[in-house]
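Asks: As numbered in the numbering used here, residues 6 to 443 make up the sequence shown, in order. We put the beta carbon where it would ideally sit given N, CA and C, even for glycine. The structure displayed is predicted, hence computed values, not measured ones. Below you will find the structure I want to go over with you.
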Amino acid sequence: MLNALLFVGLPYVAIFVCIAGSIYRFHSNRFSYSALSSQFLENKKLLWGSVPWHIGLGILFVLHLLPVLMPGPWAVLVANTVALWTIEIVGLAAAILALGGLGLLIFRRLVNPYVQAISTSMDFVVLALFLGQIILGIVTALSFRWGARWAPGTTTPYLWSLLTLQPDPSYVADMPVVIKMHITGAWLIVLAIPFSRLVHVFSLPFEYLFRRPQKVVWNNPRRSQARAAEVPVVEERRLFLRGFAGLAAGGALLSVGVLDKLVRFYRGPSLSPAEEAELMERNVKKLQMTLQEREFELERMRQDYILVARLSELDARRGKYFIDYQMRPALAYLGEDGLPLFISAKCTHLGCTVQSDMNAEGKILCPCHVSYFDVKTGEPTPGSPALTPLPHIGWVVMDDKDQVIASKWPGKAVVGKVPAESKASCRVFIAKEHGETA
């Protein structure tokens, strides 16, 4: 329910309020439709803060927008390692540049008495939102690397599902909390646009680029003031009615296209008997999977040893999947010494399950974000998104009489020996008493 609220309800509310509120503000208070420059109050800090902030923010906006507008070409571009590194470095540098400029702007607004006098509560709210958003973006870039590569498969389809009025929050529902906060912060900024100086993004003077050159002549203002006083009240009323009609028409269009989808999303679809039966079948399968998982947990609570396979069934190149005592996927291989080699199959980057087939270099791959791990040491290949190694898991070998003949603790030497004539009948177990080592 929280995912639906943050990633479906909040985006549509933010977009509607942004559009409707901006239109209303333009017609009701047109002269507030700007950033209200404070340059004449203090210029030096504004220059060194505003320029880096806008340059960094502009670069970040383009890098976030391109994967949404061109997901196919973008995926081809970031498949190239050099291009991926370039994009990641440019994005991180732009974020740091923007953070420095924003920090100086916040400092200027807090310490300069003239600028502080014209500051509003909403100014500080917007600054806090942007500050948190930039920091979360930097943390995301450093903690969950190669965002340019995994974003087209997660955030891009999520945004398109919103734009096509078929919201699907599942694309981002299972992502780390930092990324969820980053997405939520973006929608909060959109929501704040019509209530703050951010509305000036809609007041760019495009006509200036195409109009004929003009010569400005300063004259006595009394004449213009007198003319302004002659404007009939009925004209103001007419403008108000026009603005209200436009706002009502825009709200009606948004209501037809958005509110109907939101109501049906939260109320749930109206299903036919066949669809209800299909939905019930899917729910029963999910319950069966949950029951099986609980049975695994119960077995691991009661049993000191869990069978993995016979020693003769293990292969040196292709691992056998099993579930360890922490209910995480793991892989069993046959080591070079003829003994078992157990390693976790849960990627240390974002928790994906690594592949079981070992390549010629003795490494296994996490296909989600392209991280290779050495099976012997668990260490990731330098430059991979994953930074920490896969942990090894202890094992126990028993003979056909259920007697422990060999065992190995993670990080320690093998205890016991497996006779060659007994390998065909020996079985390999994981033991509750055995831990892990990084």
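How many angstroms separate the CA atom of L15 from the CA atom of P162?
Replies: Roughly 17 Å separates the two Cα atoms.
Asks: Determine the closest residue to V73 out of V120, V130, A153, with distance taken between C-alpha atoms.
Replies: Per the Cα distances, A153.
Asks: Should G383 and L370 be called a contact, given that it needs their Cβ atoms to be closer than 9 Å?
Replies: The answer is no: Cβ separation not under 9 Å.
Asks: Look at the Cβ atom of I194, then the Cβ atom of V144, and state whether they are nearer than 9 Å.
Replies: No.
Asks: Leaving out five residues before and five after S427 in sequence, what residues of the same chain have Cβ atoms less than 7 Å from its Cβ?
Replies: Contacts found: D404.
Asks: I need the straight-line Cα distance from D179 to M332, nearest angstrom please.
Replies: Going by the C-alpha atoms only, they are around 18 Å apart.
Asks: For V238, which residues from the same chain have a beta carbon less than 7 Å from its beta carbon, with the 5 sequence-adjacent residues on both sides left out?
Replies: Because the pLDDT of V238 is 46, which lies under 50, any placement of that residue in the model is unreliable, and the number read from its coordinates should be weighed accordingly. None.
Asks: Compute the Euclidean distance between the alpha carbons of E235 and S33, then round it to the nearest angstrom.
Replies: Note on E235: pLDDT 48, under 50, position unreliable in the model; no value is reported.
Asks: DSSP state of D179, grouped into three classes?
Replies: Three-state DSSP puts D179 in coil, outside helix and strand.
Asks: By DSSP, does I311 sit in helix, in strand, or in coil?
Replies: Here I311 sits in strand by DSSP.
Asks: Could you pull the start and end residues of the beta strand (DSSP E) that D379 belongs to?
Replies: Taken as a continuous stretch (DSSP letters only), the beta strand (DSSP E) holding D379 covers 376-379.
Asks: Could you pull out every residue in the same chain whose Cβ sits closer than 8 Å to the Cβ of D309, ignoring the five residues on either side in sequence?
Replies: Closer than 8 Å at the Cβ level, and outside the excluded window around D309, lie A436, K437, E438.
Asks: Cβ-heavy atom distance between K422 and the ligand GTP below 8 Å?
Replies: The ligand content of the structure shown is nil, which means the ligand GTP is not present either.
Asks: Please state the DSSP three-state secondary structure of C23.
Replies: Helix.
Asks: Rounded to a whole number of angstroms, what is the C-alpha to C-alpha distance between P385 and V359?
Replies: Taking the straight line from one Cα to the other gives about 12 Å.
Asks: Taking M363 as the reference, which of I328, S277, S208, S376 has the closest Cα?
Replies: Considering only alpha carbons, the answer is S376.
Asks: Find the nearest neighbour of W53 within the set S412, G106, A25, judged by alpha-carbon distance.
Replies: Cα-wise, what sits closest to W53 is G106.
Asks: Going by the beta-carbon positions, is the gap between H187 and Q138 smaller than 9 Å?
Replies: Closer than 9 Å, so yes.
Asks: Contact defined as beta carbons within less than 8 Å: I believe A335 pairs with A314. What is the distance between those atoms, to the nearest angstrom?
Replies: Contact flag wrong, Cβ pair sits at about 12 Å.
Asks: If we ignore side chains and look at the alpha-carbon of each, how far apart do K351 and C357 end up?
Replies: So the two alpha carbons sit approximately 6 Å from each other.
Asks: Report yes or no: do the region 408-423 and the region 167-178 share at least 3 C-beta pairs separated by less than 8 Å?
Replies: These segments do not touch.
Asks: Give the list of continuous beta strand (DSSP E) stretches no shorter than 3 residues that lie fully inside the region 337-391.
Replies: Within the region 337-391, the complete beta strand (DSSP E) runs of at least 3 residues are 345-349, 368-371, 376-379.
Asks: Using a threshold of 9 Å, state whether the C-beta atoms of D329 and S349 are closer than that.
Replies: Yes, the Cβ-Cβ distance between D329 and S349 is below 9 Å.
Asks: Quick check on H59: buried or exposed, where buried means 16 or more other Cβ atoms within 10 Å of its Cβ?
Replies: Burial call: exposed.
Asks: Determine the DSSP secondary structure at I28, reduced to helix, strand or coil.
Replies: The answer is helix: DSSP assigns I28 an H, G or I state.
Asks: Less than 9 Å between the C-beta atoms of I198 and C23, yes or no?
Replies: Against a cut-off of 9 Å, the Cβ pair of C23 and I198 comes out as a contact.
Asks: Give the C-beta separation of G96 and A146 to the nearest angstrom, bearing in mind that I take them to be a contact with Cβ-Cβ under 8 Å.
Replies: 7 Å between Cβ atoms; contact.
Asks: Assuming the contact rule is C-beta atoms closer than 8 Å, L141 and G190 should be a hit. Round their C-beta distance to whole Å, please.
Replies: Going by Cβ atoms, the distance from L141 to G190 rounds to 6 Å, so yes, they are a contact pair.
Asks: Short of 6 Å in beta carbon distance, which residues of its chain neighbour V181, apart from the five on each side in sequence? Order them along the chain.
Replies: Rather than Val, the amino acid found at residue 181 in this sequence is Pro. No residues qualify anywhere along the chain.
Asks: Where does M75 sit, in a helix, a strand or coil, going by DSSP?
Replies: M75: coil per DSSP, three-state reduction.
Asks: Going straight from the alpha carbon of L346 to that of L319, what length do you get?
Replies: L346 and L319: Cα-Cα distance of roughly 9 Å.
Asks: Where in the region 163-208 do unbroken runs of the alpha helix (DSSP H), each at least 4 residues long, occur, reported from the N-terminal end onward?
Replies: Counting only runs of 4 or more, we get 175-178, 182-197.
Asks: Alpha carbon to alpha carbon, how far is A391 from P57? Give it in angstroms, no decimals.
Replies: Using only the alpha carbons, I get a separation of about 32 Å.
Asks: Is A335 helix, strand or coil when you go by DSSP?
Replies: In the structure shown, A335 sits in a strand (DSSP, three-state: E or B).
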